[in-house]
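Structure, as structure tokens:
There are 2 protein chains.
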Amino acid sequence: MKKYIGILLVGFSSVLWSQKHPVDYVNPFIGTSNYGATHPGAMAPRGMVSVSPFNVAGNLNLLEKDSQWLSNPYVHENTFLTGFTHVNLSGVGCPDLGVIITMPTTGPIETNHLVYGSTYSGEQAKPGYYAVDLNKYSIKAEATASTRAGVSRYHFPAGTSNILLNLGLGLTNELGSMLRFVSSTEIEGMRTVGSFCYNSPEQAYPVYFVMRFSEPPHEFGAWKTPYTNNGVESQWMGYNGNTRLMKGYTKTVVGDSIGAYVSYQFKKPTVVEVKVGVSYVSIENARENLDREVGSLSFDQVYNTTRKTWNDKLSVVEVSGGKEEDFTVFYSALYHTQIHPNILNDINGEYPEIATGKIGKTTGTRYTTFSLWDTYRNYHQLMTLLYPREQLDMVRSMLAMYDENGWLPKWELNSTETFTMVGDPAAVVIADTYLRGLTDFDVQKAYEAMVKSATQLENNPLRPGLREYLEKGYLSVDGGVAGPVSTTQEYNMADYAIAQLAKVLGKKGDFKRFYTQSLSYKNLFDPKWKLLRPKHRDGSWFSPFDPYKGANFEKNVGYIEGNAWQYALMIPHDVNGLMQLMGGRSGFIKNLDYIFENNQFDMANEPDIAYPYLYNYVKGKEWKTQDRVDQLLANYFTNKPAGLPGNDDTGTMSAWAIYSMMGIYPIIPADPVYTITTPTFSKIKIHLDTTFYPSGELIIEASNSARDRFIQSLEIDGKLHKGYFLSHEALVRSKLLKFTLKEQQ
Amino acid sequence: MKKYIGILLVGFSSVLWSQKHPVDYVNPFIGTSNYGATHPGAMAPRGMVSVSPFNVAGNLNLLEKDSQWLSNPYVHENTFLTGFTHVNLSGVGCPDLGVIITMPTTGPIETNHLVYGSTYSGEQAKPGYYAVDLNKYSIKAEATASTRAGVSRYHFPAGTSNILLNLGLGLTNELGSMLRFVSSTEIEGMRTVGSFCYNSPEQAYPVYFVMRFSEPPHEFGAWKTPYTNNGVESQWMGYNGNTRLMKGYTKTVVGDSIGAYVSYQFKKPTVVEVKVGVSYVSIENARENLDREVGSLSFDQVYNTTRKTWNDKLSVVEVSGGKEEDFTVFYSALYHTQIHPNILNDINGEYPEIATGKIGKTTGTRYTTFSLWDTYRNYHQLMTLLYPREQLDMVRSMLAMYDENGWLPKWELNSTETFTMVGDPAAVVIADTYLRGLTDFDVQKAYEAMVKSATQLENNPLRPGLREYLEKGYLSVDGGVAGPVSTTQEYNMADYAIAQLAKVLGKKGDFKRFYTQSLSYKNLFDPKWKLLRPKHRDGSWFSPFDPYKGANFEKNVGYIEGNAWQYALMIPHDVNGLMQLMGGRSGFIKNLDYIFENNQFDMANEPDIAYPYLYNYVKGKEWKTQDRVDQLLANYFTNKPAGLPGNDDTGTMSAWAIYSMMGIYPIIPADPVYTITTPTFSKIKIHLDTTFYPSGELIIEASNSARDRFIQSLEIDGKLHKGYFLSHEALVRSKLLKFTLKEQQ
């Protein structure tokens, strides 16, 4: 970025022409309120490790992890901090991870987090860095991280100070840990996590760690909190239910609620660094990760490297000409797309395979945390455009999972299949990737895997109810499959993806078969309501039908996380067919307007997030897309902790914002086409990876002032572009998209 | 023993002249009722491992582990078996160990021991062997063991059968385990044990294991039983509090309540062998122990070796001429002296050091389970006589503990100091051993260690209240030390031992000082009561004084596990001094008779176990010793599960019986002298270890018929012996002790 330094600022503030770098615009607090479920912790791009403040335990907090369904280690409006977690999920809807919790304290050892917790102030968060002052102890705590290791720096006052490692506490509801002091300055151990979305507790799995302290402690020990014995024997157990401090203990400690501490007697204020390597394979690998990534590097050295990595990552898009706040929203969103999927393999390539119990080894990157029901809609398309190498490794990771357990993933987390949500989204992601030109993976195997889940009638974990779906063309309310309307739509989507891939692979019969299947949603279209409606197995409609029921995640008969309105238009691959059913353009627009005008649009969930772009399908109504997207960005994507509409959904919401701010949106999954809207910035420079996109650089320019919200025209490489759609191929071949804007429609 | 085969039986049944070997007389069920706290499990002499039936869980049992203070894995009158433990204590008074529990079952996997438990029949127990039929499953289960590994053999019927490994269940109240399937036929893991006597939970420690199955299972898995979540979140946890079966799980499992299973589909009845190696150091050592001791050996091969080892051990004494039942009582008692102290070191010499957390290495044997308050009185004297090499390694083990943590042991268990009971008994054992001629240890270090505990005024874990004891000559009821009278007596005993050792080491000043101290019990002698009585710090007597209070382990002010009567004569080193205080011979005998005649003698506890021998101190009254010992043997030491008076106290009760049946008793700890009584057998041949006792063989003969209960005369090597005392030196130099008996006194 150095080349831009010193050039005078003209007009708007600007990334390109300021000394501020993309990394400097990121506000990691965005999404930490309003259930965005992000956290402000320090981490490297797609890091296995993140060091996050943990402030969701204890009733002093507004949102408490045990008192409600809470899926994040940190909530911005909470006030009571009980430590720093080292593995975390970001932007998901279910609690898991949030473990390996460290906490600096002063005074006598106290192991109960409800007692040792502290209010705090002076929070700072930047990519790869977090800092906070713990009021109770006058300790400043800082955190940074490499990919597989966290580094913390605790600024202790003079006197007795401690670092606690609490393995009983966690966001996850799993319990079970092990630890051992290898020396007074090194602890090795593991923590069990799992039961994501309160599912599949039998798949609970270990996360291993090695933790090092820069200063030898004056004293160290472990603790163990037993459950209370209520039997006759309790009369002799003076220690019944009480935490035991095991001073100087160097044997292995295991149990549901255990911890460790190191204690110091400082004559003057002293800084201690805590380095934590993590692995999902073994303690040895956690140690190797720590040694090779951090070793003897200082906190500052680790942070500087991670900061640079972040900046390089974020600089793939350079924006200028716009509001400072929008730069922050844009780069924070881009930051949030670089958290999940995250790296699962250790630095030596090893990772736990899915389902086999074996340790696999990759020469590339094994990714994990595939929230595919969310991410198939726009996230992977964005990765394909901006980070094609990563997207290819994600596809390869998915195929490796197929090799391992015979199935593509659905909602994979750390090599467990959580079976969260519905549909068959992996097929969509893989087909989409291939069709956008990223073909360097075993497409025959991928196709075989997709077809398997689309056709295997028995013991098919990905497509429950498949027999009925194939026989009737829909899932009935009687078949026992949750959200039968939604799930039919999802299967249609996946079938469309398979059809599209079949076509390019020259499998004409398959193309026809799956394409036909992909339109079977029509069986659920009730002409009376002009909506998709739940149906019985015998073909009769489910009654009473209330298309409003199901909003705000309310449980209902036909739909998953939404109501009939929020699914009404979720037929991205056959908008024109749907339009016909709804009575043509006017009926379609009527429904679309009705949804927006009657509060039936939910920006916070995926089924309807493409709705604002559907106006582009009706000539003369495109301005409504521009208008609505602009309003949605302004209302829901802001530089505030509540600046995400809801769960970030592992970057899906952020990807929506990024695309929307760039003026393009991948409107049909598994169909490499974009639709367009008004860009937020006057200049957007996309550095394309020339291995995949030889043109190398794509510039999107717009003559926008703050008031120019509508598109007057679009020129691509000097040539007027007709219509509001643009193929991926055309986009990545282009050098310049030049929008001319206007203030009024 | 082959040489005896074929010789005709004449007169009494006889070990020497029958085909029955000593090992064949042992009944391991002796002591499994009446709180004897022994178990009938299979084990090698002083083995780290014993495979015992576990029938103390579940209210179907008369004596249930959680419903009372119960210190043994097996109770003879119980009926509901829930598995087979692999590490156990024998004859102790507090619950611990009783873990690594296997259980063969049939049918679907059931992990709740209260459900999978079974009644049983057809029990057999012999040294190194146990067998039982599990009624519920029609499974015969057999067990044998080498020193550090257990081998079980389960005879399964055709159909679905399983072997469970329940790491949640145990006699110990500790929880916390780890396990991992290394392959379908090998599990490695650990179990936390500790809190012996409900003390020192912070010293809880791991026992590691490696378990192998001879047949590859059809299916395997782990389980985990979580505690019930009572919070708001429980509504989403369908698995809340329920055991999870984790089929095919090969990752590490940790938690408070976990287990594993292997499952078979047998077409015909099939035998599966389960081999379990154990270590207190590491999983690797557990595996090495298993590999080197058992490896590919069959159940029968392991059993045959262990049986031979037992027979060699027991054959150190050959008895003949007596009742068959008495042979059983004698050899079972000798068997029970060969259980604890037991071997702690792995086959490679490694063992956990005490307190340091380090792994030590021995070229000899590191013993553990030193219940010294019990064993200083007669047990170690017996080991010195019969197994001098072992006794020396026990002393060396005690000195190694001093090297490791700076203190001799008090009640050491698996390298933890449990601080159970009172006094300073290690000094007595070590002095006694040296004075009996076993001098091959670092006596200067031993002396230094003894003096340290006898003189260090602050932070002295062995002698609480030492300052008061030294200043006042007694521990007062105001000093906060439990049982101040008893503890004063114990400190006196230890001081006497130090004095005796000081004398032979030429430390005249020390001798005088400690000998003087050893008589300070006189400060507590109340001439009014003619008993030792609790005293205040200011010298006034504690009132009201009830010399009966404290019987049957009732808590009382002055005494530990006894009342004033049971401690009244516990001054073994100064019987004549005590006699004077009591008004000479008549007062002494009066008290002694009173105790026996008024039910104040407790055969089940150590303080008064030498009382029956005290008649030998009064000329003309020796027949009362012979009479009482004979009656006590008949009443309390029998070939029945209830055939021990109470806790065997790691062999102390058994040692009492052995000595008593041989007609000699080590009446003064740390004074190498025996007193004599009527031998039970007409011939007792003791094979002395010629390294220490060159005479090699000592024969005790007695002209006893069943009715000859009294001693007329004793000839030693043809010379009439005067009096009823005999030095250890004289005894071991002798070839023949020839008793002439008579029917009436």
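If you read the protein sequences in the order shown, they are chains V and G. Note that full-length UniProt numbering gives residue 27 to position 27 of the first sequence, counting from 1, and the numbers run on in steps of one. Note that full-length UniProt numbering gives residue 88 to position 88 of the second sequence, counting from 1, and the numbers run on in steps of one. Beta carbons are placed, not taken as given, at the ideal position from N, Cα and C, and that holds for glycine.
- Residues Leu457 and Asn460 of the same chain have their beta carbon placed closer than 7 angstroms to that of leucine 466(V), with the five preceding and five following residues left out of the count.
- A direct Cα-Cα distance of roughly 38 angstroms separates glutamate 561(V) from glutamate 142(V).
- DSSP places isoleucine 667(V) outside both helix and strand once states are collapsed to three, so it counts as coil.
- Straight through space, the alpha carbons of methionine 493(G) and threonine 487(G) are spaced by roughly 10 angstroms.
- Following the DSSP letters along the chain, one finds arginine 467(G) in no beta strand (DSSP E) but inside the alpha helix (DSSP H) bounded by residues 466-472.
- For methionine 421(G), no CB of chain V lies under 7 angstroms from its own CB, so it is not counted at the interface with that chain.
- Residues of chain G with a Cβ closer than 8 angstroms to the Cβ of leucine 392(V) do not exist, since the nearest Cβ in that chain sits about 29 angstroms away.
- Linking valine 87(V) to glutamine 338(V) through their CA atoms gives a straight-line distance of about 15 angstroms.
- Counting C-beta pairs with one atom in each stretch, the segment 634-648 of chain V and the segment 29-38 of chain V have three or more that are closer than 8 angstroms, which means they touch.
- Taking one beta carbon from each stretch, the segment 431-443 of chain G and the segment 474-481 of chain G have fewer than 3 pairs nearer than 8 angstroms; the two do not touch.
- Taking the beta carbon of tyrosine 249(V) as reference, the chain G residues within 8 angstroms of it are Glu202 and Gly357, listed in sequence order.
- Think of a sphere of 7 angstroms around the beta carbon of asparagine 72(V): no beta carbon from chain G falls inside it, the nearest being about 14 angstroms out.
- Counting C-beta atoms within 10 angstroms of its own C-beta, proline 544(G) has fewer than 16 neighbours from the protein chains shown and is therefore classed as exposed.
- Taking 7 angstroms as the threshold, the shortest C-beta distance from arginine 180(V) to chain G does not fall below it.
- Taking 7 angstroms as the threshold, the shortest C-beta distance from tryptophan 236(G) to chain V falls below it.
- Against chain G, the CB of glycine 176(V) has a partner CB under 7 angstroms away; the residue lies at that interface.
- Secondary structure at lysine 503(G): helix, using DSSP grouped into helix, strand and coil.
- Rounded to the nearest whole angstrom, the C-alpha separation of glutamine 626(G) and isoleucine 595(G) is 17 angstroms.
- Put simply, of Leu741(V), Leu726(V), Glu701(V) and Leu737(V) the residue whose alpha carbon is nearest the alpha carbon of glycine 321(V) is Glu701(V).
- At a cut-off of 7 angstroms between beta-carbon atoms, glutamine 124(G) makes no contact with chain V.
- Classified as exposed, threonine 363(G) has fewer than 16 neighbouring CB atoms from the shown chains inside 10 Å of its CB.
- Histidine 536(G) sits in coil when the DSSP states are folded into three classes, being neither helix nor strand.
- The beta-carbon separation of serine 67(G) and alanine 37(G), rounded to 17 angstroms, does not stay under the 8 angstroms limit for a contact.
- Judged by DSSP secondary structure, methionine 394(G) falls outside any beta strand (DSSP E) and instead within the alpha helix (DSSP H) spanning 388-405.
- At the C-beta level, glycine 150(G) and valine 49(G) come within 7 angstroms of one another.
- Listed in chain order, the positions of the segment 216-245 of chain V with a beta carbon within less than 8 angstroms of a beta carbon of chain G are Lys224, Pro226, Tyr227, Asn229, Gly231, Val232, Glu233, Trp236, Met237, Gly238, Tyr239, Arg244 and Leu245.
- Shown here, glycine 238(G) sits in coil according to DSSP, grouped into three states, outside any helix or strand.
- Secondary structure of proline 22(G) (DSSP, three-state): helix.
- Inter-segment contact for the segment 130-146 of chain V and the segment 243-253 of chain V is absent: fewer than three beta-carbon pairs are separated by less than 8 angstroms.
- With its beta carbon at least 7 angstroms from every one in chain V, proline 108(G) lies outside the interface.
- Within a 10 Å sphere around the beta-carbon of threonine 691(V) sit fewer than 16 other beta-carbons, which makes this residue exposed.
- Contact check for methionine 450(V) against alanine 427(V) passes: the beta carbons are separated by less than 7 angstroms.
- Around the beta carbon of glutamine 566(V), a 10 Å sphere encloses 16 or more other beta carbons of the protein chains shown; the residue is thus reported as buried.
- When DSSP states are grouped into helix, strand and coil, asparagine 162(G) belongs to the strand group.
- Glutamine 745(V) has a beta carbon lying at 7 angstroms or more from every beta carbon in chain G.
- With the criterion set as a beta carbon lying under 9 angstroms from some beta carbon of chain G, the members of the segment 249-278 of chain V are Tyr249, Thr250, Lys251, Thr252, Val253, Val254, Gly255, Asp256, Ser257 and Ile258, in sequence order.
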